[in-house]
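Each remark here refers to the structure printed beneath this line.
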Amino acid sequence: MEDDLPGIERNGKKINMASCDQTDSLQQNDPLIWNAIQDERTRQKQGLELIASENYTSAAVMEAAGTILTNKYAEGYPGRRYYGGCEFVDVIEAEARKRACDLFGAEHANVQPHAGSQANMSVYLTVLKPGDTFLAMDLAHGGHLTHGMHLNFSGQLYNAIHYGVSEKTHQIDFDHVAKLAREHKPKLIIAGASAYPREIDHPKFAEIAKEVGAIFMVDMAHYAGLVAAGLHNNPVEVADYVTSTSHKTLRGPRSGFVLTKKDNAKALDRTVFPGMQGGPLVHIIAGKAVCFKEAALPEFKVYAQQIINNAKALAEVLMNGGIQLASGGTDNHLMLADVTAIGLTGKIAEEALDRAGITVNKNMIPYDQRKPLDPSGIRIGTAALTTRGMKEEEMKKVGDWILTVLKSPEDASVTEKVIGEIHEFTKDYSVPGID
Ligand SMILES: *Cc1c(COP(=O)(O)O)cnc(C)c1O
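Here it is, written out as structure tokens:
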């Protein structure tokens, strides 16, 4: 009977895949995937991770996310589920919601959106009808795809109007925001960005939204960790809806959530489920609950302050090395470096740094004359390296390596020398879940 079932041979033993031996490890059952994970593990440990949207989550968050909770269907909300057996996952989701509210001072939290894009979608579907107008930051000036990019659902379904930064200061041009708001009367105004190195003045946006009668949403995906630590003004105090990812500066599992007032709770919850998602990812909700608890600790405040200190320190080294930074510096966890000033493009810089074990991403800079696939800049963030315990002193080294590579991007001997030094250097900085 067993022999008739589809299976594979291993160590002379026939393995029945239909009832795969549950005690077998991933390494034994699926070496291809296991090996790729080991390679990625080594990459995360050996290299310098400077992608501004990435971080290293804690071992506790990863443990929660990698549990048997992935087996459970839990459509609905705590106490009101469409499946049996939800008494324990109810505890988890209720606690995650409570912790999110406590952390950010919100009245209501929905922790079911699978990621940041879904968090944004849930607000749009709650407050807009197809064809409605919203006002958000231009992708080319630091906004996000879900803020109305033409190929994204947000650009396809709605009439997206975009504000940008001033050509002179590279900071949000509030006169332009107000002018567009008065002219287009958007139903929704969105603040928040993916590549903006300065603190965003949420109260100023709220004032403009109030003047034109618009609903106000803040997408704090990038800087949620700084808000949690009290190092960035809290959008919950002035916005109708606040959306976020949990995996960037907040350092949780890869996911999203939405905060709002009690009055909006019912409509928002109905949009997330059954409006746009089926079963929530309960294992990831557990990871978010752990992340919210961690972000409320005094240590997290110290961590978040160090992210900012590190960004300032790195920015200084790069500027001293002849690289121009958009807006001339940074207030938060990231900077946008214009590498055309040293004769490169963003693509060449990204690839050269990658070969040397330094991971960044190419990025448009404000008023970029080049195209998105080969823009003028690179985006650099310090959240991940700060998690590894690096401080200002280490940023000096990191900055010097970046400058060394960018001065000789095609020189293989330089690349080799730098990658060797970096692999040696990173041995001393642990990564949660790896060592
Ligand atoms: C990262 C980001 C998102 C989307 O997050 P995903 O989890 O990748 O879907 C949304 N908004 C902003 C501003 C972001 O930076």
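Quick note: the sequence shown uses the numbering used here, first residue 92, plus one each step.
Ideal Cβ positions, reconstructed from N, Cα and C, are used throughout, including at glycine.
Note that this is a predicted model, so its numbers are computed, not measured.
| Check | Outcome |
| --- | --- |
| Could you tell me whether any non-hydrogen atom of ligand 1 is closer than 7 angstroms to the CB of Thr450? | no |
| I need the DSSP call for Arg132, collapsed to helix, strand or coil. | helix |
| Under the DSSP definition of a beta bridge, which residues are partnered with Tyr254? | Met228 |
| Can you tell me whether DSSP reads Arg171 as helix, strand or coil? | strand |
| Span of the beta strand (DSSP E) holding Tyr332? | Tyr332 to Thr336 |
| Can you list, in chain order, the residues of its chain whose CB lies under 7 angstroms from that of Gly366, leaving out five sequence neighbours each side? | Leu216 |
| Just reading off the alpha helix (DSSP H) that Met311 is part of, what are its end residues? | That residue, Met311, is in no alpha helix (DSSP H); it is neither H nor E in DSSP. |
| For the beta strand (DSSP E) holding Lys453, just list the boundary residues, first then last. | Asn452 to Asn454 |
| State the Cα-Cα distance for the pair Leu219 and Lys278, rounded to the nearest angstrom. | 7 angstroms |
| Of the residues Ile449, Asp130 and Lys352, which one's Cα is nearest the Cα of Leu497? | Ile449 |
| Does the Cβ of Glu302 have 16 or more other Cβ atoms within 10 Å, making it buried, or fewer, making it exposed? | exposed |
| Under 8 angstroms between the Cβ atoms of Gln397 and Thr336? | no |
| How far does the beta strand (DSSP E) with Met153 in it reach, from first residue to last? | From DSSP, Met153 is part of no beta strand (DSSP E) but of the alpha helix (DSSP H) over Ala150 to Ala156. |
| First and last residue of the beta strand (DSSP E) that includes Asn201? | His199 to Asn201 |
| Return the Cβ separation of Ile456 and Gly472 in integer angstroms, given the expectation that the two are a contact with Cβ distance under 8 angstroms. | Going by Cβ atoms, the distance from Ile456 to Gly472 rounds to 15 angstroms, so no, they are not a contact pair. |
| Would you check if the distance between the CB atom of Glu442 and the CB atom of Val451 is smaller than 8 angstroms? | no |
| Please report the residue range of the beta strand (DSSP E) in which Met212 lies. | Where Met212 is concerned, there is no enclosing beta strand (DSSP E), although the alpha helix (DSSP H) it sits in stretches over Gly207 to Val218. |
| Against chain D, does Ala286 count as a neighbour if the rule is that its beta carbon must be under 8 angstroms from one of theirs? | In the displayed structure, chain D is absent; only one protein chain is listed. |
| Quick one: is the Cβ of Asn243 within less than 7 angstroms of any heavy atom of ligand 1? | no |
| Between which two residues does the beta strand (DSSP E) harbouring Phe348 extend? | Gly347 to Thr351 |
| Cutting at 7 angstroms between CB atoms, please list the residues of its own chain near Ser499, excluding the five before and the five after it. | Val505 |
| What is the residue span of the beta strand (DSSP E) that Arg190 lies within? | Note, Arg190: premise wrong, no beta strand (DSSP E); alpha helix (DSSP H) at Glu178 to Phe195. |
| Apart from the five residues just before and just after Tyr249, which ones in its own chain have a Cβ nearer than 8 angstroms to its Cβ? | Tyr215, Leu219, Pro221, Gly222, Asp223, Thr224, Phe225 and Gly239 |
| So, under 8 angstroms CB-CB, Pro169 and Val363 are touching, yes? Tell me the CB distance rounded to an integer number of Å. | Not quite, the Cβ-Cβ distance comes to about 13 angstroms (not below 8 angstroms), so this is no contact. |
| Per DSSP, Gly468 forms a beta bridge with which residues? | Asp429 and Asn454 |
| Smallest Cα separation from Gly196: which of Val318, Pro523 and Ile513? | Val318 |
| In whole angstroms, give me the CA-to-CA distance for Ile510 and Glu290. | 34 angstroms |
| With burial defined as no fewer than 16 other Cβ atoms inside 10 Å of the residue's Cβ, what is the status of Val182: buried or exposed? | exposed |
| Using a Cβ-Cβ cutoff of less than 8 angstroms, which residues in the same chain neighbour Lys62 once the five nearest sequence positions on both sides are dropped? | Outside the modelled stretch of the chain, which goes from 92 to 526, sits residue 62, for which no answer is possible. |
| When the Cα of Arg342 is compared with those of Pro326, Asp360, Leu409 and Phe391, which residue comes out closest? | Phe391 |
| State the DSSP-derived secondary structure class of Ile398, mapped to helix, strand or coil. | helix |
| Does the Cβ-Cβ distance between Asp465 and Gly437 come in under 8 angstroms? | yes |
| Please list the terminal residues of the continuous beta strand (DSSP E) segment that includes Ile281. | Leu279 to Ala282 |
| Cα-Cα, which of Arg171, His267, Glu484 and Gly370 is closest to Lys163? | Gly370 |
| Are there 16 or more other CB atoms within 10 angstroms of the CB of Leu96, so buried, or fewer, so exposed? | The predicted model places Leu96 with a pLDDT of 48, which falls under 50 and marks its position as unreliable; any figure quoted below should be read in that light. That one is exposed. |
| If you run the structure through DSSP and keep just helix, strand and coil, what is Leu372? | coil |
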